[in-house]
Structures are given as structure tokens and as C-alpha cells.
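A short worksheet on the structure shown next.
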Amino acid sequence: MVKKNTCVFISGKGSNLKNLILHSRDNNFPIRISLVISNNKKANGISYAKKYRIPYAFINTKNPNYENKILLNLKKHKIKFICLAGYMKIISNYLIKNYQNKIINIHPSLLPKFKGLNTFSRMLKNKEIKAGCTVHFVNEKLDGGSTILRKSFFINNNDDEIILKKKTQKLEYKALPEAIIKIFRYT
Ligand code: GRF
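Per numbering that gives the first Met the number 0, the sequence shown runs over residues 0 to 186.
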């Protein structure tokens, strides 16, 4: 199996990035993390790129030419697949067109419920029974592309935002690798 050169986009903690790096060391896992792009110079996730010797780039999205910079980096590293893992910036249509059906995102809710930010506080306010995460393809609509897979759990009466986040992230560490295996299962 030829591993697909993959870029992970991050903005912060990078725990999903770390999890993907560890999975990608398995010969049977379909992707290789060949590049990390961050829009935040101080993102903790960059430390994982350094630790595992993965090329990384900081791209300032305030720069009017930033989309081209992203594309140039992707081309330079022959990137075939993109994972958004806590990337807090909306991906431009320009990039989506260049990577049609090749960009996925992990979102901390059971989409189509709770698109956007502050998912956990909205779930609690809404007295939801279940929480979870969704891995989906990225299209022009925010958190709107087709779903690859979801994982859910029942919310307990004493779950607060912090606990919900912890439980959701635990599921994310299973969901994202599983989704990637599912996408490439016949290739
Ligand atoms: C995850 O909870 C993901 O669902 C959301 O951002 C968070 C990123 O966490 N999109 P980390 O940076 O991977 O730790």
C-alpha cells in the first residue's frame, strides 16, 4: 500500500495531530503525515511536528496572499489529502476546489446538530441526551460536507462542558483514524 501524503491543519493543542502521527507509524495505516500547517505561531501542536520531525509551516492568514502560500506548501510536499484537526479558520473555496473531496474535518458534535463554535455549552442548554463527534468531508458550507462517521455517548446529569469535551476528545481519537481507514479502504 502506498501511503497518501497528508497535511494536518491545526490552530492549538494538537492532540488529534499527535494521535494521527502515532497511527501513521503503522505500516497498514493509509496516510503519512508529511506536513503540518498552523495559523497560530504558538500552537502547542507544532511541538509534535518538531518531536516527530515532520515539516511544518506557520501561515499567517492575515497575509492577503496566504491561500497561495498554503497551496505552494501543499504542492512542495506533494500533499494528496488534508485533515483539519482543530483548525480555527474557515477553509477558502479556492483551496476546496484544488482538493475536492480530499479534505476532512473533525467536529465536536453530532452533525448536523451544533455546527460552529461552543458546541458543548449549546448542547447543555438544549438538554441534549447524546453528544459525540463527527468526521466529515469539507465543502463550501461550514461543517456541512457529507459525513464519514459519527461516534456518540449519552450525556450524564453531572456532565459539564469540561467533562463533555474530555469524553468527546476520547472518541475523536478513535473516530479520525477510523474515518481515514474507511476512506482509503479500497485503494
Ligand atoms: C477537537 O475537539 C475538534 O473536534 C475541534 O477542535 C478540537 C481540536 O483539538 N475541531 P486538538 O487541537 O486536536 O487537541
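Positions of the beta carbon are idealized from the N, C-alpha and C atoms, including for glycine.
This one's a predicted model, so the numbers in the text were calculated from it and none came from an experiment.
Query: Closer than 7 angstroms: SER14 CB and nearest the ligand GRF heavy atom; Result: yes
Query: Near the ligand ADP: ALA84 beta-carbon under 7 angstroms from a heavy atom; Result: Annotation note on the ligand ADP: not contained in the displayed structure, which lists the ligand GRF as its ligands.
Query: CYS6 beta carbon near the ligand GRF (any heavy atom closer than 7 angstroms); Result: no
Query: Start-to-end residues for the beta strand (DSSP E) that takes in LYS129; Result: 129-136
Query: Short Cβ contact (8 angstroms threshold) for LEU141 with ALA178; Result: no
Query: Straight-line gap, ARG31 to ASN38 (C-alpha atoms, nearest Å); Result: 21 angstroms
Query: Cutoff 6 angstroms; reference VAL35; Cβ partners in own chain excluding five residues on either side; Result: VAL7, ALA48, ILE53 and TYR55
Query: Integer-rounded CB distance, given that LYS3 should sit under 8 angstroms from PHE57; Result: Contact doesn't hold; Cβ gap of about 24 angstroms is too wide.
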